[in-house]
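Chains as they are written, first to last, in the numbering used here: chain R, 21 to 396; chain D, 21 to 396. Note that CB positions come from ideal geometry on N, CA and C, so glycine has one too. Every value quoted in this text rests on a predicted model; they were computed, and no experiment measured them.
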């Protein structure tokens, strides 16, 4: 993997780059649609590439480990082949879902024992096991096994947890370096900065993570309920410490506004379930603000879903029809809204890249942030 | 509307024709995918036309009346415009769903009072109202309001019900002839033969229906639980009475085998939820038999879903991946399986037409019926 910085904004930390992987080049800043269990919900892989122009998608190790399991993915020749996706892919380490989804969990120095949210079966994830599973899945970018602390988080717990995450990181890299990719292409391991909303912990964590000299670095434990100001403050603080010649990935963030603000702070990669999850509830993102398509006001609005969008679903279907589909629980409504939202996120990233290259990012961002926050 | 018969099979009653409507020509025999509430579940209109090659789709008056309601559909300029579908469309009369779905219902000579399965609200459908609603929806082919008797059905009830359906038919045609299409293109009203599984009642009903000289005729009240033999016996019997120069539509039928057998008896049009509903449960139709994709045996079968199918989903995705998606409840699994099944049904109809034109229908049908009944 090789990260090539091609442009820097004049009046912010925003930068545009190219992340070269064995499955192709990713233009940064980028947003990665979430393909939880091997599928971005309701969207064909063909639509992901042709309509949404996704350059990289994310898979969740927790979900994929439980179903279909690593044995089937290995037999398929890795997740790319299993799901018929030949562009880059990233997997998280499973940690976040273990904490947020599993029936019960017990953390100790060795790892995390947890109960499947599907059948109640018990499993044990360790840093070594998380690497092993991610070797089987075979994403281009894999993530270190960490503990993602909740918000708010007691200082002492945050500190202890962060220190354990750092110890786990050593074990992750040991396991990673002792193994090889199973499918003939390279995998890169990204470590994750933790430290909750405490500046001194974030400093310590960012310095520790930077010292590993990884091919990319991630910031975790944000967008978990903290005020927006703290998200930006921590992101800015950590970005200043993480190496600038490596991609920075802010995990689980966020709204279109969050993305633009964090690009300005030096973030290159994002993932979030928001555009796809909110789509399923009828919430549409547009460059002029958000639309709750369930509102009565759209019932007889037969204009295209988004007249300013180049995506075919936005031109072919009307707001009134999409409202009808979402209100009546039709799958097609979810499909249309998800394509709409994800393609909007990807176009926003594309425009951000262009503005960075033109040296016009900051004023554009200011204007967009205002527009994006409106409710239509 | 104009029905042009272009070919007859030598050794059966099968025929190939062209049904000319104001939204284009339908090649018969044809299968009509069911688009219940203005959407064929999980399938884009673009996929219906480009991947499935649907020539006509069906909408349900009951569902569309309840949601979004005729007011919105009228404001949109009819259902075609509302859902962005410019090919032919057919709506049923609402009768079948009133009997099968609604909370409670009370039938009398005037019509049917029923309770919405969605919000419990009360509504009253009469023959006149069913026509009025179908004028608002604006399908190319609309159906008479009838009572669809269950199976088994007491002879006296079947007879009384049939007679009422005939009286309702007079009222339907009166209402139809007294009104006009709202959207500038023609609508045709098809009457429906009833009479349960009683030959004498079917004779009486078919003769009555034939006497109306409608542009097409339908057979209802079959595929409601009766043995397959009775389905074929009644269909054959009624087909012999209904005019041969008008299309014959067998409502709610059926399996691929049912379709081929009934084409041989003189049926031109079919609709059924089976291909789309079964798809949602992981049941795939192929020309070599049915596949229950949930079966363990497909867990590591990485071959294409259907190597003999020209449809892209069948080539791009593997059986193991589709199994994973269906097992984990992913929408994408439903989407893939639905496109697979519907496109299979439409290809089967296309092949039937070709075989009729080549005079090879009957031997082909015999061979196919054996293949189709296998379980893979």
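For residue i, which of the options has the nearest alpha-carbon?
i                      : options                    : result
residue 303 of chain D : D:291, D:325, D:282, D:290 : D:325
residue 320 of chain D : R:98, R:62, R:79           : R:98
residue 166 of chain R : R:75, R:110, R:210, R:373  : R:210
residue 240 of chain D : D:142, D:377, D:254, D:204 : D:254
residue 150 of chain R : R:69, R:92, R:162          : R:162
residue 71 of chain D  : D:104, D:367, D:228        : D:367
residue 197 of chain D : D:223, D:180, D:148, D:57  : D:148
residue 168 of chain D : D:369, D:121, D:200, D:195 : D:121
residue 191 of chain R : R:139, R:129, R:290        : R:129
residue 67 of chain D  : D:393, D:274, D:374, D:355 : D:355
residue 338 of chain D : R:84, R:104, R:89, R:37    : R:104
residue 345 of chain R : R:364, R:318, R:327, R:369 : R:318
residue 373 of chain R : R:81, R:88, R:49           : R:49
residue 294 of chain D : D:260, D:127, D:243        : D:243
residue 214 of chain R : R:364, R:258, R:69, R:231  : R:258
residue 316 of chain R : R:340, R:305, R:307        : R:340
residue 124 of chain D : D:114, D:136, D:159        : D:136
residue 395 of chain R : R:26, R:227, R:306         : R:306
residue 65 of chain R  : R:175, R:283, R:106        : R:106
residue 223 of chain R : R:204, R:260, R:176        : R:260
residue 175 of chain D : D:252, D:216, D:26         : D:216
residue 269 of chain R : R:184, R:328, R:164, R:180 : R:164
residue 379 of chain D : D:248, D:284, D:140        : D:284
Can you give me the C-alpha to C-alpha distance between residue i and residue j, rounded to a whole angstrom?
i                      : j                      : result
residue 297 of chain D : residue 358 of chain D : 8 Å
residue 206 of chain D : residue 221 of chain D : 32 Å
residue 350 of chain D : residue 108 of chain D : 31 Å
residue 43 of chain D  : residue 77 of chain D  : 12 Å
residue 171 of chain R : residue 116 of chain R : 13 Å
residue 101 of chain D : residue 383 of chain R : 41 Å
residue 132 of chain R : residue 188 of chain R : 11 Å
residue 218 of chain R : residue 30 of chain R  : 29 Å
residue 35 of chain D  : residue 186 of chain D : 28 Å
residue 422 of chain D : residue 91 of chain R  : With chain D covering only 21 through 396, there is no way to say anything about residue 422 of chain D.
residue 96 of chain D  : residue 212 of chain R : 52 Å
residue 229 of chain D : residue 195 of chain D : 17 Å
residue 173 of chain R : residue 246 of chain R : 10 Å
residue 88 of chain R  : residue 313 of chain D : 14 Å
residue 369 of chain R : residue 51 of chain R  : 7 Å
residue 178 of chain R : residue 127 of chain R : 14 Å
residue 393 of chain D : residue 250 of chain D : 19 Å
residue 381 of chain D : residue 142 of chain R : 58 Å
residue 62 of chain R  : residue 323 of chain D : 22 Å
residue 47 of chain R  : residue 348 of chain R : 38 Å
residue 15 of chain D  : residue 74 of chain D  : Absent from the structure is residue 15 of chain D, since the part of chain D shown begins at 21 and ends at 396.
residue 376 of chain R : residue 264 of chain R : 16 Å
residue 39 of chain D  : residue 208 of chain R : 60 Å
residue 113 of chain R : residue 153 of chain R : 9 Å
residue 371 of chain R : residue 365 of chain R : 10 Å
residue 252 of chain D : residue 282 of chain D : 7 Å
residue 203 of chain R : residue 193 of chain R : 19 Å
Is the beta carbon of residue i sitting closer than 7 Å to the one on residue j?
i                      : j                      : result
residue 21 of chain R  : residue 235 of chain R : yes
residue 59 of chain D  : residue 342 of chain R : no
residue 333 of chain D : residue 301 of chain D : no
residue 286 of chain D : residue 33 of chain D  : yes
residue 80 of chain R  : residue 41 of chain R  : no
residue 23 of chain D  : residue 276 of chain D : no
residue 138 of chain D : residue 86 of chain D  : yes
residue 363 of chain D : residue 331 of chain D : yes
If contacts are defined as beta-carbon pairs under 8 Å, then residue i and residue j qualify, I think. What distance do you get, rounded to the angstrom?
i                      : j                      : result
residue 262 of chain D : residue 278 of chain D : So it is not a contact: roughly 18 Å between Cβ atoms.
residue 182 of chain D : residue 225 of chain D : 5 Å
residue 280 of chain R : residue 385 of chain R : 5 Å
residue 54 of chain R  : residue 288 of chain R : Their Cβ separation, rounded to whole angstroms, is 17 Å, which puts residue 54 of chain R and residue 288 of chain R out of contact at 8 Å.
residue 118 of chain R : residue 145 of chain R : 6 Å
residue 199 of chain D : residue 155 of chain D : 6 Å
Q | Chain-ordered residues of the segment 95-107 of chain R with a beta carbon less than 9 Å from chain D | A | Of all residues in the segment 95-107 of chain R, 95, 96, 97, 101, 102, 103, 104 have a Cβ within less than 9 Å of some Cβ in chain D.
Q.
Against chain D, which members of the segment 292-322 of chain R pass a CB distance test of less than 8 Å?
A. 319, 320, 322
Q. If contact means a Cβ-Cβ distance below 9 Å, which residues of the segment 149-183 of chain D contact chain R?
A. none
Q. What residues in the segment 211-233 of chain R bring their beta carbon closer than 8 Å to a beta carbon of chain D?
A. none
Q.
For the segment 321-338 of chain R, list every residue whose C-beta sits within 7 Å of some C-beta in chain D, in sequence order.
A. For the segment 321-338 of chain R, which is checked against every Cβ of chain D, the residues closer than 7 Å are 322, 336, 337.
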